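What follows is a set of notes on a single structure, which appears directly below.
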Amino acid sequence: MALTHNLGFPRIGARRELKQALEAYWRADISDEKLNATAAELRQRHWTLQRDLGIDLIPAGDFALYDQMLNMTALLGAVPARFNAQQDEIGLELYFAMARGTATQPAMEMTKWFDTNYHYIVPEFDADTRFRVASPQLFKEVAEAQALGISPKAVLIGPLTYLYLGKESTPGFSRLDLLPQLLPVYRDILGQLASLGVEWVQIDEPLLALDLGEEWLRGLDQAYTALAEPRLTKLLLTTYFEAVDKHANRLKELPVDGLHIDLCRAPDQLETFLDHYPVGKVLSLGIVDGRNIWRSDLARSFSMLSRVQAILGERLWIAPSCSLQHCPVDLELETRLDGEIKNWLAFAVQKLHEVSALGRGVTHGESAISEILSASTEASRVRAQSERIHNPVVQERLRSLTRKENERASPFPVRQSRQRQRFKLPLLPTTTIGSFPQTAEIRQARAAFKKGELGNLQYLQAMRDEIALAIRKQEEIGLDVLVHGEAERNDMVEYFGEQLWGYVFTENGWVQSYGSRCVKPPILYGDIYRPEPMTVDWIQYAQSLTPRPVKGMLTGPVTMLMWSFVRDDQPRADTALQLALAIRDEVADLERAGIGIIQIDEPAFREGLPLKKPDWDEYLQWAVRAFRVASSSVRDDTQIHTHMCYSEFHDILPAIAEMDADVITIETSRSRMELLNAFGQFKYPNEIGPGVYDIHSPRIPRTEEILELLEKACKVIDPSQLWVNPDCGLKTRGWVETEAALQRMVEAARLLRTLNLPKISVN
Ligand code: GLN
Ligand code: ZN
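Residue numbering for the sequence shown follows the numbering used here, starting at -12 and increasing by one per position.
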C-alpha cells in the first residue's frame, strides 16, 4: 500500500468563481455571507473532486480568500499595529484591510512566492509583535471537510518559513527572535487540530530550498523539537521548489513523522534521502510536477516508485511536487485546444489522476494500471516525435550559432558616437516605456476584432487612429523619442506568442497571481519560429507620422520564457535562444524598415534567477546571451534599449551591463537613490534612464520633485549617460494624468539642460 495525497488545490475555481465573488464583494455587490458561501462551495467541490479521484489524504487549510501567508498572519494574530485592530477575532474587514489597504493605511507589502509568479502578503514584524490564535477559519474548514466524511490533512505554513518570509518594520531587531514566542501558538493550533481529530498536519517549510544561514537551521531544530513533545498530531514536513539534500541528515533527525521532497525540480536528492532513511518515518515523494502543465511519463515514475517501495514499504507516500495552486484547474474545460497538444497536457485535476494511478499501481501492482501506463507512454512517444515540436530550420540555426551572433559590430563608445550623430538628441533625452493608456474603447475594439465582430480594415483604422493620437500627444508634450503606444497589444507576451509558431493558448488556463488576479500563461510547446514580421507595420505607420524617432517595441526572450508555461523536453537555455532568434529577425526587419531605435523589454529578467545563489551564474550567462542574440544584429547607429522593472537589481548589475544595450530604462520607485548609487558605484558603462516617477499611482508628480531627482542622479551618473523617463509603461493610467505627468517630466529635463551641468560633448 502506498498512500496518495495532495499538497494544495487551486482555490480560484475552474471558472474563476472566487475572483468574481471577491470582486463583487469589494464592490459591495454581495454580502459577507454570500462570499463565504461561495468560498465554502468551492472548497466542498474541490474536496469531493479529490476524493472521487481516489486521493487518500486530502488537504484542508490550503484555501485562502486572498493569500495563504495572509491566512497565517490572521491565524497567528500578527496584525501590524498600524491597522489598530481591536477585535478578538480577525474578520473579513480586517483581513482585506491588510491585503488591500484602507483610506488611512497602505496595504501590507506583496512579493513573489519563491520563484513562482504567485505573490504573497509579506508579514510585518517588530519587537512588539505578539502571537495568539486569532482566527477560527482553519478549524472551521477542517470541520467542513469532516462534515463531508473526509478526514483531512491540515495544512500550515511552518514557523520558520513564516518568519523568514516576513520583514522587520523597525531596525535593530531580528524576526528570528520571535520564534520562542511563536512556537507556543503553533502548539496551540496543533492542539486544537488534534481535538478536532486531525491525525496529520502538513507543515510547509519551503524556506529550506533557499541558501540559509546557520541561525535559521538552528531555529528549525529548536522549533520542531518544541513541537514534538508531547505529540499532538503527526507532522509531515514539506519542502518544495528545490533540492534540500544539503540538509538531509538534519531533516532525517528532526522529530517529525515524515518528510516531503520535490523530485521534479531535484530528482537527484532521492538517493541521499533513501540512504539510512529513519525507520518509522514517512517519505513523501513529489513526483508529479505541480509547476508545469505537462503530462507525466507515468511508466518512468512508476518504475522509480516501485524501487522505492521495495525499500520503504508503506512509508512511501505519493504526491504532486508542490501545491497545485500554480497550475490551471482542469484541462477538460479546454474545448478549442488542438487535440494533439491537449493529449500532452495535464492540469491540476489530471495531475491528481496521475498521482492516484501511481498509488494504485504501487499498491496493487503494475497490472492494475497497465492501460494508463501505456497511454502515458504513447503520449510521451508521440510528443517526443511530433513534427509540431521539431522544426529542423530552427534547430539548424541554433546549431550554427556562433559568438558572432552575440556581439555588436563595435564597442559601445563607437556606437554611442554614431548614434549621437544620427539622432542629435539633446542632453537628458526624454522618452516613455512603450504603452499609453489602454482606454475602454481600445479594449473593446480589440475584443470585437477577436470575436470577428470588427472587420480587418475597421480594426486597422481603429488602431491607426490610436497610434496617431499617441504620436500627436507626444509631439505636443515635447518628448524626444516617441513610441507607438501598444494599443494593439493585450499583453506583452501573448501578443508575440500568438504570432510565433510553437505557442498555444488556453481558454481557461488561469493561475492565481495575487488576490483575485489571475494570469493565463501561454504554453510554449515547440520550436519557436517567426513566420513573418510581428510589429513592423504598426511602428512604420507611427514613424510615418513624425520626424522624431519612434522606438520599436519588443518583448525580450527571457521575459517571453518566464511568463509562459515552457516545454520540459529541452533546457530552458535552448528555448530562450530560439525565442531570441525570432526577436532577432524582428529587430532586423524593423531596422530595414528605417526604425533607428528598438527597445527589447526584459521586465522578468531578474525573476529567472534560481533560488540558490551558486546556480545564478549559469542562468545569467544564458539569459544575457539570449538578450544579446536578440539585439546584436544591428548597425552601430541603431540604438538598442531595454527596460526592466518589478525587482531589485543591485545584485545583478554586472550581468545587466553584459547585456550591452545602448540604453536601459529602469524602474526605481522601490529604492530610488539606492539603485542610482549602485549604478554609479558600479560605473555602469552605457546609457541609463532611471524612472523619475511611479506610474502605479494616478498621482501627478511636481516638476520640482522630478528636477530634484534628476539632479541627484546627475551627481552619481554622468549626465551625458542619463535619460529621462517614467518607471514603466502607462497602459494602466488615464490620459489626463499621463499627459500632465509627462509635461512636467519634459519641463524638468528642459530646466536641467539650461543649468550649469558639467561640460559634456553631445555629438
Ligand atoms: N513596453 C511595455 C509597456 O510599456 C513594458 C511593460 C513592462 O515593463 N512590464 O507596457
Ligand atoms: Zn516596466
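Don't be surprised by glycine CBs; every beta carbon is placed ideally from N, CA and C. Being a predicted model, the structure only gives us computed values, none of them experimental.
Item                                                                                                                                                       : Value
I need the DSSP call for D514, collapsed to helix, strand or coil.                                                                                         : strand
With 16 as the cutoff for other CB atoms within 10 Å, does K140 come out buried or exposed?                                                                : buried
Assign L742 to one of two classes, buried (16 or more other C-beta atoms within 10 Å of its C-beta) or exposed (fewer than that).                          : exposed
Could you tell me which residues DSSP puts in a beta bridge with I643?                                                                                     : DSSP lists no partner for I643.
Quick check on G136: buried or exposed, where buried means 16 or more other Cβ atoms within 10 Å of its Cβ?                                                : exposed
Just to confirm, is the Cβ distance from D467 to L532 under 8 Å?                                                                                           : no
Based on Cα-Cα distance, which residue from L150, A366, L224, H106 lies nearest to W778?                                                                   : A query on residue 778 cannot be resolved here, the shown segment of the chain reaching from -12 to 750 and no further.
Between which two residues does the beta strand (DSSP E) containing E674 stretch?                                                                          : 674 to 677
Alpha carbon to alpha carbon, how far is M95 from G502?                                                                                                    : 13 Å
Are the beta-carbon atoms belonging to V470 and T419 less than 8 Å from one another?                                                                       : yes
When you measure from the CB of H630 to every non-hydrogen atom of the ligand ZN, does any distance come out below 7 Å?                                    : yes
Rounded to whole angstroms, what's the CA-CA distance from Q92 to Y680? Just pull it up for me.                                                            : 22 Å
Is there contact here, the segment 583 to 591 with the segment 422 to 434, by at least three beta-carbon pairs under 8 Å?                                  : no
Using the Cβ count rule (16 or more neighbours within 10 Å means buried), how would you classify M(-12)?                                                   : exposed
Excluding the 5 residues flanking Y446 on each side, which residues of the same chain have their C-beta closer than 6 Å to its C-beta?                     : F436
Report buried or exposed for R740, applying the criterion of at least 16 other Cβ atoms within 10 angstroms of its Cβ.                                     : exposed
Within this structure, are the beta carbons of E229 and L598 separated by less than 8 Å?                                                                   : yes
Alpha carbon to alpha carbon, how far is R433 from E475? Give it in angstroms, no decimals.                                                                : 7 Å
Measuring only between beta-carbons, confirm whether Q406 sits less than 8 Å from chain D.                                                                 : The structure shown contains no chain D; it holds only a single protein chain.
Just list the residues that DSSP pairs K221 with in beta bridges.                                                                                          : W187
Out of T625, K600, T546, which one is the CA nearest neighbour of V574?                                                                                    : T625
Within the continuous beta strand (DSSP E) that includes I305, where are the two ends?                                                                     : 303 to 307
Take E76 and list the residues in its own chain whose beta-carbon comes closer than 8 Å to its own, dropping the five residues that flank it on each side. : A121, S122, P123
Quick check: the Cα distance between D452 and E578, rounded to an integer number of angstroms?                                                             : 24 Å
Quick one: is the Cβ of I651 within less than 7 Å of any heavy atom of the ligand COA?                                                                     : With respect to the ligand COA, the structure shown offers nothing to examine, as its ligands consist of the ligand GLN and the ligand ZN.
Measure the beta-carbon distance from W203 to Y151 and round it to whole angstroms, keeping in mind my assumption that it falls under 8 Å.                 : 6 Å
By a C-beta neighbour count over all protein chains shown, 10 Å radius and 16 as the cutoff for buried, is V621 buried or exposed?                         : buried
CB R162 to CB F112, shorter than 8 Å?                                                                                                                      : yes
Skipping 5 residues on each side, what residues in its chain have a beta carbon closer than 7 Å to that of S288?                                           : I274, L345
Answer with buried or exposed for I587, where buried requires no fewer than 16 other C-beta atoms within 10 angstroms of its C-beta.                       : buried
Can you determine whether any heavy atom of the ligand GLN sits closer than 7 Å to the C-beta of G721, and answer yes or no?                               : no
Going by the beta-carbon positions, is the gap between K718 and L663 smaller than 8 Å?                                                                     : no
When DSSP labels each residue in this structure, what does G439 get in the three-state scheme?                                                             : coil
Should L170 go down as buried or exposed, given a rule of 16 or more other Cβ atoms within 10 Å for buried?                                                : buried
From R3 to V342, what does the alpha carbon distance come to, in whole angstroms?                                                                          : 24 Å
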